[in-house]
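Undergrad: If you're matching positions, the sequence shown starts at 1 in full-length UniProt numbering and goes up one per residue.
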Amino acid sequence: MTCRTTDNSTAVDAFLAAKAEIDNMLARLTALSDDHFETDPDEIHWGHVGTLSHYRDSLREISDAAFKEGEFAE
Numbered sequence: 001m002t003c004r005t006t007d008n009s010t011a012v013d014a015f016l017a018a019k020a021e022i023d024n025m026l027a028r029l030t031a032l033s034d035d036h037f038e039t040d041p042d043e044i045h046w047g048h049v050g051t052l053s054h055y056r057d058s059l060r061e062i063s064d065a066a067f068k069e070g071e072f073a074e
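Below, the structure written as structure tokens:
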């Protein structure tokens with residue numbers, strides 16, 4: 001049987017590209033959050049609350065998966 005060394009450079013490149021996309025999304029979300037999601041405090045209504053809650057829930061699912069918490073806890 002012949003042993004071959006596996007070249008994982010394609011996987012590494014794909015991993016780094018995905019990480020760069022995540023880093024970019026996180027930076028954009030941080031900037032948007034710093035600007036209160038471009039919402040004037042005097043104009044906030046329940047629609048804004050619903051949208052922000054949806055963002056939070058989506059981020060919680062990602063965070064729970066990454067840290068093995070919540071429904072992803074072992």
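For glycine and all other residues, C-beta sits at the position ideal for the given N, C-alpha and C. All of these numbers come straight from a predicted model, not from anything done at the bench.
#1: What would DSSP say about Lys19, mapped onto helix, strand or coil?
#2: Note down the Cα distance separating Asp40 from Ile62, rounded to an integer number of angstroms.
#3: Between Glu21, Leu52, Met25, which has its C-alpha nearest His36's C-alpha?
#4: Got a sec? Which residues, its chain only, sit under 7 Å from Ala65 by beta carbon, not counting five neighbours each side?
#5: Within its chain, find whatever has a CB closer than 8 Å to the CB of Arg60; leave out the 5 residues flanking it on each side and keep chain order.
TA: Once the coordinates are examined:
#1: For Lys19, the secondary structure class from DSSP, reduced to helix, strand or coil, is helix.
#2: Asp40 and Ile62: Cα-Cα distance of roughly 28 Å.
#3: Of Glu21, Leu52, Met25, the smallest CA-CA separation from His36 is found for Leu52.
#4: Around Ala65: Phe72.
#5: Answer for Arg60: Gly70, listed in chain order.
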